[in-house]
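Undergrad:
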Amino acid sequence: MPSISFTLRPAPPFSLELTVWALRRRAANEVDLWDGKTYSRILIFDGNPVKMSVSQYGGLKNPKLNVVVLGEVSNSQAVKSRISLTLGKMFSLRKHFWDFYALSGKDKRLKLLAERFTGMKPPRFPTLFEALVNAFSCQQVSLDLGVILLNRLAHSYGITFTEDDDVFHAFPRPEDLAGLSPENFRKLGFSRNKGRAIIELSEGVINRSMEIERLEEMNDAEIYQHLSKIRGVGRWSAEYVLLRGLGRLNVFPGDDVGAQRNIQNFMGLEDRPGYEKIKKITSRWQPYAGFVYFHFLLDKLKSKGYLS
C-alpha cells in the first residue's frame with residue numbers, strides 16, 4: 003500500500019500520549035485510536051480515506067513526531083501539507099504555554115497538576131462539524147455512553163479503510179449524514195431530537211446556511227449567539243464547542259457535571275458547585291481555565307489507570 007512519511011517538530015514541552023488522551027477521553031473511542039505508542043485516525047482527502055499514524059520520539063524537551071500516511075493519494079505533497087495543518091490544530095503543535103506554567107506556579111495545587119501533566123497540549127477536534135456532533139452525542143448522557151454512540155455512528159456511516167484484515171472507520175462527514183432520517187439515529191441509540199439536530203447540522207454545512215466556518219473569526223459572545231440558533235445547542239454545547247472545537251482556552255464548560263465533580267474534589271468543597279460558582283472559581287485561572295479543564299480530565303483518567 004502506498005505510504006508517505008514525514009517529521010513534525012512540536013513546540014516543547016510536548017507529550018503525544020497526554021494530548022491524545024485529552025482528545026479521546028475514553029479508551030473505548032474507536033475514531034481516535036491509541037495503542038500506547040501510536041495515535042491513528044482515518045482522514046478523507048478528495049473522497050478517499052487514508053490512515054494517519056503518529057508516534058513521538060525525542061522526549062518532552064526535544065519532541066519530534068513521525069507521521070505515516072497510508073492510502074492512495076493523487077498529490078502527496080498536498081496531503082502532507084493538509085495533514086500537517088490538521089495535526090497542528092488538533093494538538094496545538096506550534097503553541098507555547100509558558101504563561102500557563104507561570105500562572106500555575108502561583109497556586110500550589112494547580113502547580114502539582116500542571117507538573118504531573120507537563121507536555122499535554124489542549125486538543126481540538128479537526129472540524130467544527132465534528133465538535134458539534136460530539137456535543138450533541140454527549141448531551142445529557144454519560145461520557146461513556148456518548149463515546150459509544152459516536153462509535154456506532156462512525157461504524158454505520160463513516161467511510162472505511164482496510165489494512166490487512168483490520169477495518170477502520172472515519173468520522174462521518176456532513177454528506178454521509180444529511181440524507182438520513184431521525185429513525186436511522188434511533189436505531190443507533192440516539193434520541194430523535196439528537197438525530198434531527200445532526201441531520202439539520204449536516205444539511206446546513208452542505209448548503210452553507212449555517213456558516214459555521216465563520217465562527218473562527220468571531221469573539222466568544224458572537225459565537226455563542228450564532229450557535230444558539232442551531233437546533234440542539236444550549237449553554238453546555240456552546241461552551242463545549244468553544245473549547246474543543248475553537249480552542250478558546252478561557253472557556254471552562256461550567257455545566258459539565260464531570261468537571262463540577264473534578265473541581266469539587268480539587269478544591270475540597272462539601273457540595274458540587276453549580277455554574278455560577280464554577281465561573282467564580284475558574285476566574286483565577288484565566289485566560290487558561292479551559293486548559294485547567296483538560297488537566298482535570300487527565301487527572302481523572304490517570305486515577306482510573308489509563309495513563310502510563
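Under our numbering, the letters of the sequence shown match residues 3 to 310, in that order. From the three backbone atoms N, C-alpha and C, an ideal C-beta is built for every residue, glycine too.
From the DSSP secondary-structure annotation, give me the bridge partner or partners of Val-71.
TA: As a working mapping, residue 71 is identified with position 69 in the sequence shown. Answer by DSSP bridge pairing, in chain order: Ile-6, Met-54.
Undergrad: For a test of the three-state rule: what should DSSP assign to Leu-179, helix, strand or coil?
TA: Taking the sequence shown and counting its residues from 1, one reaches residue 179 at position 177. Of the three classes helix, strand and coil, the one that applies to Leu-179 here is helix, per DSSP.
Undergrad: Leaving out five residues before and five after Thr-88 in sequence, what residues of the same chain have Cβ atoms less than 6 Å from its Cβ?
TA: Numbered from its first residue, the sequence shown carries residue 88 at position 86. Here the set comprises Pro-128.
Undergrad: For Lys-302, which residues from the same chain have a beta carbon less than 7 Å from its beta carbon, with the 5 sequence-adjacent residues on both sides left out?
TA: Walking along the sequence shown from the start, residue 302 turns up at place 300. Closer than 7 Å at the Cβ level, and outside the excluded window around Lys-302, lie Asn-264.
Undergrad: Exposed or buried, His-171, counting other C-beta atoms within 10 Å across all chains shown (16 or more means buried)?
TA: As a position in the sequence shown, residue 171 is number 169, starting the count at 1. Looking at its Cβ environment, which holds 16 or more other Cβ atoms inside 10 Å, His-171 is buried.
Undergrad: With Thr-284 as the anchor, note down where its alpha helix (DSSP H) starts and where it stops.
TA: To locate residue 284, count along the sequence shown from 1; it is residue 282. Here the alpha helix (DSSP H) through Thr-284 covers 277 to 284.
Undergrad: How far does the alpha helix (DSSP H) with Arg-28 in it reach, from first residue to last?
TA: One-based indexing of the sequence shown puts residue 28 at position 26. Segment: none, Arg-28 is in no alpha helix (DSSP H) and carries neither H nor E.
Undergrad: In the region 58 to 143, which residue ranges form an unbroken beta strand (DSSP E) of at least 3 residues, counting only runs that do not cross its ends?
TA: 66 to 72
Undergrad: Could you check which residue in Ala-30, Leu-10, Pro-51 has the C-alpha nearest to that of Met-3?
TA: Residue mapping note: residue 3 aligns to position 1 of the sequence shown, counting from 1. Ranking Ala-30, Leu-10, Pro-51 by Cα distance to Met-3 puts Pro-51 first.
Undergrad: Ignoring anything shorter than 3 residues, give me the beta strand (DSSP E) runs that lie fully in the region 146 to 196, in order along the chain.
TA: 162 to 165, 168 to 171
Undergrad: Kindly give me the distance between the Cβ atoms of Leu-300 and Phe-119, rounded to whole angstroms, as I take these residues to be in contact under 8 Å.
TA: Within the sequence shown, numbered from 1, the residue matching residue 300 stands at position 298. Within the sequence shown, numbered from 1, the residue matching residue 119 stands at position 117. At roughly 5 Å, the Cβ-Cβ gap stays under 8 Å, so Leu-300 and Phe-119 are in contact.
Undergrad: Starting from Tyr-295, trace the alpha helix (DSSP H) in both directions and tell me its first and last residue.
TA: Sequence index remark: in the sequence shown, residue 295 carries index 293 (1-based). Membership of Tyr-295 in the alpha helix (DSSP H) is indicated by the continuous run 291 to 305.
Undergrad: To the nearest angstrom, how far is it from the Cα of Trp-36 to the Cα of Ala-104?
TA: Numbered from its first residue, the sequence shown carries residue 36 at position 34. Numbered from its first residue, the sequence shown carries residue 104 at position 102. About 31 Å.
Undergrad: If you drop the 5 nearest sequence neighbours on each side, which residues of the same chain put their C-beta closer than 8 Å to that of Gly-197?
TA: The sequence position of residue 197 within the sequence shown is 195, counting from 1. These residues qualify, in order along the chain: Leu-182, Ser-183, Pro-184, Glu-185, Asn-186, Phe-187, Arg-188.
Undergrad: Where do the ends of the alpha helix (DSSP H) carrying Leu-245 lie?
TA: One-based indexing of the sequence shown puts residue 245 at position 243. Looking at the DSSP string, the run of the alpha helix (DSSP H) that includes Leu-245 is 237 to 246.
Undergrad: Would DSSP call Ser-42 helix, strand or coil?
TA: Indexing the sequence shown from 1 puts residue 42 at position 40. It is a strand residue.
Undergrad: Using 10 angstroms around the beta-carbon of Gly-148, count the other beta-carbons present and answer buried if the total reaches 16, otherwise exposed.
TA: Taking the sequence shown and counting its residues from 1, one reaches residue 148 at position 146. Gly-148 comes out buried.
Undergrad: Buried or exposed: which applies to Met-269, given that a residue is buried once 16 or more other Cβ atoms fall within 10 Å of its Cβ?
TA: Along the sequence shown, read from residue 1 onward, the residue named residue 269 stands at position 267. In the assembly as shown, Met-269 is an exposed residue. Its beta-carbon has fewer than 16 other beta-carbons within 10 Å.
Undergrad: Rounded C-beta distance between Gly-234 and Asn-209? I'm assuming under 8 Å.
TA: Residue 234 sits at position 232 when you count from the first residue of the sequence shown. Residue 209 sits at position 207 when you count from the first residue of the sequence shown. About 18 Å; that fails the 8 Å criterion.
Undergrad: Secondary structure at Leu-35, three-state DSSP: helix, strand or coil?
TA: Your numbering for residue 35 matches position 33 in the sequence shown. DSSP places Leu-35 in strand when its eight states are reduced to three.
Undergrad: Have a look at Glu-32, Lys-281, Thr-21, Ile-200 and flag the residue whose alpha-carbon is nearest the alpha-carbon of Asn-146.
TA: Mapped onto the sequence shown, residue 146 falls at position 144. In the sequence as presented, Asn is not what sits at residue 146; that position holds Asp. Nearest option by C-alpha distance: Glu-32.
Undergrad: Could you round the C-beta distance between Leu-62 and Phe-16 to whole angstroms and report it? I think they count as a contact, below 8 Å.
TA: For this step, residue 62 is matched to residue 60 along the sequence shown. For this step, residue 16 is matched to residue 14 along the sequence shown. So it is a contact: roughly 7 Å between Cβ atoms.
Undergrad: Span of the alpha helix (DSSP H) holding Gly-260?
TA: Here residue 260 corresponds to residue number 258 of the sequence shown, with the count starting at 1. 259 to 269 is the extent of the alpha helix (DSSP H) around Gly-260.
Undergrad: When burial is assigned at 16 or more other CB atoms within 10 Å of the CB, is Asp-34 buried or exposed?
TA: Here the question's residue 34 lines up with position 32 in the sequence shown. Classification of Asp-34: buried, given that the 10 Å Cβ count is 16 or more.
Undergrad: Span of the alpha helix (DSSP H) holding Ile-225?
TA: In the sequence shown, residue 225 corresponds to position 223, counting from 1. First-last of the alpha helix (DSSP H) with Ile-225: 222 to 229.
Undergrad: Do Leu-179 and Ile-201 have their C-beta atoms within less than 8 Å of each other?
TA: In the sequence shown, the residue the question calls residue 179 occupies position 177. In the sequence shown, the residue the question calls residue 201 occupies position 199. Ile-201 is positioned such that its CB atom lies closer than 8 Å to that of Leu-179.
Undergrad: Counting only the same chain and skipping the five closest in sequence on each side, list residues whose C-beta sits under 8 Å from that of Gln-397.
TA: Given that the chain is displayed from residue 3 to residue 310, the structure contains no residue 397 and the question cannot be resolved.
Undergrad: Taking the alpha-carbon positions, what's the Lys-123 to Ser-78 distance?
TA: For the purposes of this step, residue 123 is taken as residue 121 along the sequence shown, with counting starting at 1. For the purposes of this step, residue 78 is taken as residue 76 along the sequence shown, with counting starting at 1. Between the alpha carbons of Lys-123 and Ser-78 lies a gap of roughly 28 Å.
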